[in-house]
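What follows is a single structure, written as structure tokens, with notes after it.
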Amino acid sequence: MHTVRWRIYLRASAAASLLMASACAHTPADDPSDPLEAVNRKVYVFNETADRYLLRPVAKGYDKAMPGFARTGVSNFFDNLFYPRTIVNDLLQGKLQQFGEDLARFVVNSTFGVAGLFDVAAAGGLEAHAEDFGQTLGFWGLGPGWYLMLPLIGPTDNRDLVGRGGDWFTNPLNLDWVPTDWNLAANALNTVEERAQFFAADRLMEQQLDRYAFVRTLYLQRRMNLVYDGNPPPEELFGVDPEDEAPP
Numbered sequence: 000m001h002t003v004r005w006r007i008y009l010r011a012s013a014a015a016s017l018l019m020a021s022a023c024a025h026t027p028a029d030d031p032s033d034p035l036e037a038v039n040r041k042v043y044v045f046n047e048t049a050d051r052y053l054l055r056p057v058a059k060g061y062d063k064a065m066p067g068f069a070r071t072g073v074s075n076f077f078d079n080l081f082y083p084r085t086i087v088n089d090l091l092q093g094k095l096q097q098f099g100e101d102l103a104r105f106v107v108n109s110t111f112g113v114a115g116l117f118d119v120a121a122a123g124g125l126e127a128h129a130e131d132f133g134q135t136l137g138f139w140g141l142g143p144g145w146y147l148m149l150p151l152i153g154p155t156d157n158r159d160l161v162g163r164g165g166d167w168f169t170n171p172l173n174l175d176w177v178p179t180d181w182n183l184a185a186n187a188l189n190t191v192e193e194r195a196q197f198f199a200a201d202r203l204m205e206q207q208l209d210r211y212a213f214v215r216t217l218y219l220q221r222r223m224n225l226v227y228d229g230n231p232p233p234e235e236l237f238g239v240d241p242e243d244e245a246p247p
């Protein structure tokens, strides 16, 4: 089950990312990126409830039962398993040097790292990158569109929703020869492991006056940062073109 993956995507830097977002986030009453806010908020409450009574208790049991080194191995395994997504999107964005590095990282970890259980590539200087088809669409100029909150999946936007369809083809678990029960079991384990990585951020979430707006700001800022590789232009950050503000 794909559930509230408020990150979708943050892992070891989850708490730091949340702290950064809480420091710089502003939450206007009417966000133009979120015309479906009334519906999205109801879905968010549903997701919170599912997390509180289902996913979080399971993740707590998993965290207590699994030794730290085993959890690290599980996390590394899934990072490597889904790494073809990054490699393909490196190529689609024309990042040829990064493509070569990420391909080498995948090969090294898949072999010497025992199917990715050990991140030996990082020790050799091949650091991980994060690319997906939603970022590729953004790289080529497609805007994010509306912010969306999906049941049991969490935050996304129009562009990333289309991107999820593209990413389906780079997921090894979707290959025809992979049994359905293996697919379901692997996705369930990955979801529980991802949720367990957010325990450190739970208290910070509870301190937010408007958790929905906080998650929305965090998601949109993070995705923008990923699309622009950490260097978003001023017009994206502040909504103005610097040339328009320049004196004649």
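Numbering-wise, numbering that gives the first Met the number 0 puts 17 at position 18 of the sequence shown, and it's gapless, one number per residue. Note that CB positions come from ideal geometry on N, CA and C, so glycine has one too. What you are looking at is a predicted structure, and each value in this text was computed from that prediction instead of being measured.
CA-to-CA distance, Q196 to V57, given in whole angstroms:
Here residue 57 refers to the residue found at position 58 of the sequence shown. Here residue 196 refers to the residue found at position 197 of the sequence shown. Near 13 Å, if we compare the C-alpha coordinates of Q196 and V57.
For Y43, which residues of its own chain have a beta-carbon under 6 Å away from its beta-carbon, when the five flanking residues on both sides are left out?
Counting from 1 along the sequence shown, the entry for residue 43 is found at position 44. The residues are M148, Y211.
Between P150 and the rest of its own chain, which residues show a CB-CB distance below 8 Å, the 5 nearest in sequence each way excluded?
Position 151 of the sequence shown, counting from 1, holds the residue named residue 150. So the qualifying residues of the chain are V42, F45, N46.
Along the chain, which unbroken stretches of the beta strand (DSSP E) at least 3 residues long are found entirely within the region 139 to 176?
146 to 149, 153 to 156
Cutoff 8 Å; reference F98; Cβ partners in own chain excluding five residues on either side
Position 99 of the sequence shown, counted from the first residue, corresponds to residue 98. These residues qualify, in order along the chain: I86, D89, L90.
Put G229 into one of helix, strand or coil per three-state DSSP.
Here the question's residue 229 lines up with position 230 in the sequence shown. Here G229 sits in coil by DSSP.
Straight-line CA distance for F77 to S109?
As a working mapping, residue 77 is identified with position 78 in the sequence shown. As a working mapping, residue 109 is identified with position 110 in the sequence shown. The alpha-carbon atoms of F77 and S109 are separated by roughly 11 Å.
Buried/exposed call for D50, threshold 16 Cβ in 10 Å:
As a first step, residue 50 is located in the sequence shown; it is residue number 51 there, counting from the start. Buried: at least 16 other Cβ atoms inside 10 Å.
Q96 and F138 look like a contact to me (Cβ under 8 Å); what is the Cβ gap, rounded to whole Å?
Within the sequence shown, numbered from 1, the residue matching residue 96 stands at position 97. Within the sequence shown, numbered from 1, the residue matching residue 138 stands at position 139. With 8 Å as the limit, Q96 and F138 do not qualify as a contact, their Cβ atoms being about 15 Å apart.
Residue closest to P83, alpha-carbon to alpha-carbon, out of F105, S74, A64
Numbered from its first residue, the sequence shown carries residue 83 at position 84. With distances taken between Cα atoms, P83 lies closest to F105.
Please check the pair N173 and G115, which I expect to be a contact at CB under 8 Å, by giving their CB distance rounded to whole angstroms.
Residue numbering aside, residue 173 sits at position 174 when the sequence shown is read from its first letter. Residue numbering aside, residue 115 sits at position 116 when the sequence shown is read from its first letter. Contact doesn't hold; Cβ gap of about 18 Å is too wide.
Pick from D180, M204, A199 that is closest to K59, judged by C-alpha positions:
Position 60 of the sequence shown, counted from the first residue, corresponds to residue 59. Ranking D180, M204, A199 by Cα distance to K59 puts A199 first.
Leaving aside the five residues before and after V226 along the sequence, list all residues of the same chain whose C-beta is less than 7 Å from its C-beta, in chain order.
Taking the sequence shown and counting its residues from 1, the one referred to as residue 226 is at position 227. Cβ within range, chain order: Q134, G137, F138.
Decide if A120 is buried, meaning its Cβ has at least 16 other Cβ atoms within 10 Å, or exposed.
For this step, residue 120 is matched to residue 121 along the sequence shown. So A120 ends up on the buried side.
Which two residues bound the contiguous alpha helix (DSSP H) that contains R70?
Looking up residue 70 in the sequence shown gives position 71. Unbroken alpha helix (DSSP H) run through R70: 67 to 80.
For Y52, count neighbouring C-beta atoms within 10 Å of its own C-beta (all shown protein chains included) and say buried if the count is 16 or more, exposed if not.
The residue given as residue 52 occupies position 53 in the sequence shown. Classification for Y52: exposed.
Under the three-state reduction of DSSP, which class applies to L53: helix, strand or coil?
Translated into positions along the sequence shown, residue 53 becomes position 54. Three-state result, L53: helix.
Can you tell which of T179, P171, L125, R163 has its C-alpha closest to the C-alpha of L102?
The sequence position of residue 102 within the sequence shown is 103, counting from 1. When each option's Cα is compared against that of L102, the closest is L125.
Excluding the five sequence neighbours on either side, which residues of its own chain have a C-beta within less than 7 Å of the C-beta of F81, listed in chain order?
Locating residue 81 in the sequence shown gives position 82, where the first residue counts as 1. Only N170 meet the Cβ criterion.
Whole angstroms are fine: how far does the CA of V73 sit from the CA of Y61?
Working through the sequence shown from its first residue, we reach residue 61 at position 62. Working through the sequence shown from its first residue, we reach residue 73 at position 74. Using only the alpha carbons, I get a separation of about 12 Å.
Using CA atoms only, rank isn't needed, just tell me which of R222, V191, G112, E192 is closest to T155.
Within the sequence shown, residue 155 is the residue found at index 156, counting from 1. Comparing Cα-Cα distances from T155 to each of R222, V191, G112, E192, the minimum goes to R222.
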